[in-house]
Every structure is written in structure tokens, then in C-alpha cells.
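**Q** Provided herewith is a single structure, encoded as C-alpha cells, for subsequent inquiry.
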Amino acid sequence: MRELDYVEVIVEKEKYAKEGVHKGMRGTILDPRNIEGCWLVYFSDPITHADTIGIPIKETDLKVIEPYVDPPLVQLIVEKESYLQQGLNKGLYGEIWEQLENKAIIGFENRIAAQIDNNDFEIIEKSNADYDKIRRIIEHSHRIR
Numbered sequence: 008m009r010e011l012d013y014v015e016v017i018v019e020k021e022k023y024a025k026e027g028v029h030k031g032m033r034g035t036i037l038d039p040r041n042i043e044g045c046w047l048v049y050f051s052d053p054i055t056h057a058d059t060i061g062i063p064i065k066e067t068d069l070k071v072i073e074p075y076v077d078p079p080l081v082q083l084i085v086e087k088e089s090y091l092q093q094g095l096n097k098g099l100y101g102e103i104w105e106q107l108e109n110k111a112i113i114g115f116e117n118r119i120a121a122q123i124d125n126n127d128f129e130i131i132e133k134s135n136a137d138y139d140k141i142r143r144i145i146e147h148s149h150r151i152r
């Protein structure tokens, strides 16, 4: 398990029930730390979809429903006037937030998001020696928004 995994509570426990969490409820892990065998899981109200409950739950009391998958990392490989006007230079790293028909919405390391033509970026493979370093740069830039 890890941060952003979508999980389900697989046991009924009084300490969870006191907080309004019951067996079968699903939520998202929203903290990268596993503290003393527990994950901080947030559950949304099914009607308002607002995060209403966030409690630590033992890992053994959870199962992953949908593991979080890191979005693909990319590098801008062309320089176009339209990109430069948005503050996007050739060589910037980013991650694909949404794939459209002929474009992708990419969040870049300089905290700018833009629609980029599919031919104007290159996907960075996990086998790339700098992949982990690039991933950390992107994650850090998105956290300081």
C-alpha cells in the first residue's frame, strides 16, 4: 500500500465505527507515511462527495481496490512560440494529467499546466537513469502550489 491507493475497510471494529467508518467503506490513503502499521485514510460522504472522515486504519484491516499509478513522465522536445508565451521551454519535464485525442494536458515542473500536441513531448521510460530524480522534481513542484 502507498499514498493515493483507493482502499476498502475489510473488518468491522468499534474504534472505526465510533468515527463513522464501517466494514465495506472505501477511501483514499492521503499520507505517504505508514505510522505504526496504520495508514491515514480519508472517506468521502457519498452524497456531498466531500472528505468528511480521515482516520488511521491498520494496514491489515484494509485491502487495495485500485492501486495508484504514477502518471507518465514527459519532456517537452520542441520549442514553439505558443508554448514560450505560456512560459514553457524545450526540455521542461512534466507529467500527463489527461490524454486527449491529439493532445495531452501536462503539468510541468514550473507549475504551469498546458495542452501540448502529442508529437511535441517524449515519454520518459522508467528505465531512464534519471527517472526517479525527475519524478521527485515533478512531485515537489506540484506540492508547493
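So that you can map any letter, position 26 of the sequence shown is 33 in the working numbering, and since no number is skipped, the others follow by simple counting. Glycine included, every Cβ here is placed at the ideal spot set by N, Cα and C.
(1) Determine the contact status of ILE60 and VAL28, defining contact as a CB-CB distance below 7 Å.
(2) Excluding the 5 residues preceding and the 5 following ILE141 in the sequence, name in chain order all residues of the same chain whose CB lies nearer than 7 Å to its CB.
(3) Given this structure, state the Cα-to-Cα distance separating ILE144 from GLY31, to the nearest angstrom.
(4) Starting from the Cα of GLY44, find the closest Cα among GLU66, HIS147 and ASP124 and give me that residue.
(5) For the segment 38-111, list the beta strand (DSSP E) runs that are entirely contained and at least 3 residues long, ordered along the chain.
(6) Per DSSP, GLU129 forms a beta bridge with which residues?
(7) Nearest to GLY98 by alpha carbon, out of ILE62, VAL14, VAL16 and PHE115?
(8) Relative to the alpha-carbon of ASN117, which residue among SER148, LYS20 and SER51 has its alpha-carbon at the smallest distance?
(9) Helix, strand or coil: which one does DSSP assign to ALA24?
(10) Identify, in the order they occur along the chain, each residue of the same chain with its Cβ nearer than 6 Å to the Cβ of PRO78, setting aside the five sequence neighbours on each side.
(11) Give me the residue from SER51, LYS22 and LEU37 with the minimum Cα distance to ARG9.
(12) Near ARG152, what residues of its chain come up, given a Cβ to Cβ distance below 8 Å and the 5 sequence neighbours on each side ignored?
**A** If we stick to the structure as given:
(1) yes
(2) LEU80, TYR100 and ILE131
(3) 36 Å
(4) GLU66
(5) Within the segment 38-111, the runs of beta strand (DSSP E) that reach at least 3 residues and sit entirely inside it are, in chain order, 45-51, 58-65, 69-73, 80-83 and 100-106.
(6) GLN82
(7) The shortest C-alpha separation from GLY98 is found at PHE115.
(8) Per the Cα distances, SER148.
(9) helix
(10) GLU102 and ILE103
(11) LEU37
(12) A caution first: ARG152 carries a pLDDT of 46, below 50, which makes its placement in the model unreliable, though a value can still be read off. So the qualifying residues of the chain are ARG118.
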